[in-house]
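A.B. asks:
Residue numbers (the working numbering): 202 to 297.
As structure tokens, then:
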């Protein structure tokens, strides 16, 4: 069985990653520093870095380094891809 939607749905299927994605989506092009995200979500920075890496590998967020700081933001393609994949999964579920 081919599951093309799995990486994106798996990335967003974890609560902290979903909350991170929502927070970054709300901040738009400005994005947020990892420390800001960690503080807003009350998550340890080292744990958050794991979640951010998963979101980045799924193509949902981008990371831009400025010295020692990294700004994360939702990629336009990531936002669109997420909506498309969720809708595809819903359509597939209805067909079953």
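Positions of the beta carbon are idealized from the N, C-alpha and C atoms, including for glycine.
#1: Just checking: is the beta-carbon of residue 261 within a distance shorter than 7 Å of some beta-carbon in chain C?
#2: Apply the 10 Å Cβ neighbour rule to residue 218 and answer buried if 16 or more other Cβ atoms are within range, or exposed otherwise.
#3: Using 8 Å as the cut-off, can you tell me whether the region 279 to 296 makes contact with the region 232 to 251, which would need three or more C-beta pairs spanning the two stretches below that distance?
#4: Residue 270 to residue 210, Cα distance in whole Å?
#5: Quick one: Cα of residue 278 to Cα of residue 232, how far?
C.D. replies: Per the coordinate set shown:
#1: Included in the structure is just one protein chain, with no chain C present.
#2: Buried, since its Cβ has 16 or more Cβ neighbours within 10 Å.
#3: no
#4: 28 Å
#5: Looking at the two C-alpha atoms, the distance is approximately 15 Å.
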